[in-house]
Structure formats: structure tokens, C-alpha cells
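Working notes, beginning with the structure itself.
Residue numbers (mature numbering (1 follows the signal peptide of the UniProt record, and there is no 0)): -22 to -1, 1 to 170.
Below, the structure written as C-alpha cells:
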């Protein structure tokens, strides 16, 4: 009995150690590009600790309906940011959070997709969601990312996060992304 308690206590402590040591990281730089974030329309707010990032957009929206072009109905923004990773650890992202606003007429729908990958890697992770018309509003959406794709071990990493939105259907509609949030809880760590 005491062996089991000791064994599980050690595993629990090791789990906390991995989480605690993995927290010694920092998001240091960023760049954004895409049809949904032309120059000057997106700004990153990196927390004082460097452990969280919020991108705020002023022009990230897709629209459809009479008088719109096909290119108006789909937009994307790719954020590339630098993460300083502690020696002996690697990270993955488990979710992406957004604040969105939308108005969709009958027959219209909106989709949003987020994917991420590390520079020089062919593996990627994706999450998506959709909203069907007739509806309007604004809300926070949380998109789970799977499968886990891990950064290089113990190396500063460039991670690319691409968000794409699309409004589908001949009826009028729009979908706007106001902000993208990578809180500290989005970073999952493991020893390597």
C-alpha cells in the first residue's frame, strides 16, 4: 500500500515539475501577414511575463452577398511568433481562442479554421468550427487543436498560426475576427 502511494506521489510530483519547468518560456517577437490582416491592421499584445499573446484585428472579416467578390468571402491571417523554449523541454498548442462577430442570413454559413506548424516542419495541427444562418451576434469561441505537434526540443522556435474564415452561401452575411488569444493555458509542455 505504501509503495503505491509513494509511486503515485512521485509521478504527481514529476508531472508538476514538468509543468513548472516548462513555464520558463517567453513569446518574444511576432509578425502577421494575410488578406485578413493587411499591414497596419493587426497588433500583438504580449503579456509582461511573455507567456501569453493576444492579436487584435481591425480588418479581419469575410463577407458574401450581392455585389461582393469571391475573394471577399474568404480571408486569412498567419501569425508567426518566436518562443524561447527552456533546455530539455518542448511545447505544443492545445487550443485557440477568438472573439468573433457575425450576421448570417438564411442559407449562409461561416467557417473558421486554425492550424499551426513549426518552421521547417511538415507536421501540422488543425481545429475548426462553423456557424449557420439565420443568426447574428458576437461571442468567444474556443477551438481545440489536434493532433499535438511538438516544437523542437529545447530550442527557440518559430511557430506559425494560420486562421482562415469563410462565409459560404449566396445570401448576405459577414464574419469578423476581432481578436485571437493564446493564453498561458494554451501552451502544453513536456520533457524531451
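We put the CB at the ideal spot given by N, CA and C, even for glycine.
Residue range of the beta strand (DSSP E) that includes residue i
i: residue 138; result: 135 to 146
i: residue 178; result: Because residue 178 is not part of the residues shown, which for the chain are -22 to 170, the question remains open.
i: residue 7; result: 4 to 11
i: residue 65; result: Where residue 65 is concerned, there is no enclosing beta strand (DSSP E), given that its DSSP letter is neither H nor E.
i: residue 48; result: Residue 48 -> no beta strand (DSSP E), and no H or E assigned at all.
i: residue 120; result: 113 to 122
i: residue 151; result: 151 to 160
i: residue 96; result: 87 to 96
Outcome for residue i when other beta-carbon atoms lying within 10 angstroms are tallied against a minimum of 16
i: residue 6; result: exposed
i: residue 108; result: exposed
i: residue 48; result: exposed
i: residue 51; result: buried
i: residue 122; result: exposed
i: residue 14; result: buried
i: residue 84; result: exposed
i: residue 135; result: buried
i: residue 115; result: exposed
i: residue 117; result: exposed
Same chain, Cβ closer than 6 Å to residue i, five either side skipped, listed in chain order
i: residue 34; result: 21 and 157
i: residue 75; result: 120 and 159
i: residue 113; result: 82
i: residue 92; result: 74, 105, 121 and 141
i: residue 170; result: 68 and 131
i: residue 110; result: 87
Cut-off 7 Å between Cβ atoms - residues of its own chain near residue i, not counting five sequence neighbours on either side
i: residue 59; result: 5, 7, 8, 31 and 137
Cβ distance (whole Å) where residue i is taken to contact residue j below 8 Å
i: residue 72; j: residue 166; result: 5 Å
i: residue 149; j: residue 43; result: 6 Å
i: residue 126; j: residue 163; result: Actually they do not touch by this definition, with Cβ atoms about 15 Å apart.
Nonlocal neighbours in the same chain, by C-beta distance under 8 Å from residue i, ignoring five residues either side
i: residue 10; result: 20, 22, 33, 55, 56, 57 and 58
Point to revise | Three-pair Cβ contact test at 8 Å for the stretch 151 to 164 versus the stretch 35 to 52 | key: Flag = yes, the stretch 151 to 164 and the stretch 35 to 52 touch.
Review point. Taking three-plus beta-carbon pairs below 8 Å as touching, is the stretch 94 to 107 in contact with the stretch 17 to 24?
Key: Judged by Cβ distances under 8 Å, the stretch 94 to 107 makes no contact with the stretch 17 to 24, as fewer than three pairs qualify.
**Study point:** Touching by the beta-carbon criterion (3+ pairs, under 8 Å), the stretch 121 to 140 and the stretch 64 to 72
**Key:** Contact holds: three or more Cβ-Cβ distances are below 8 Å.
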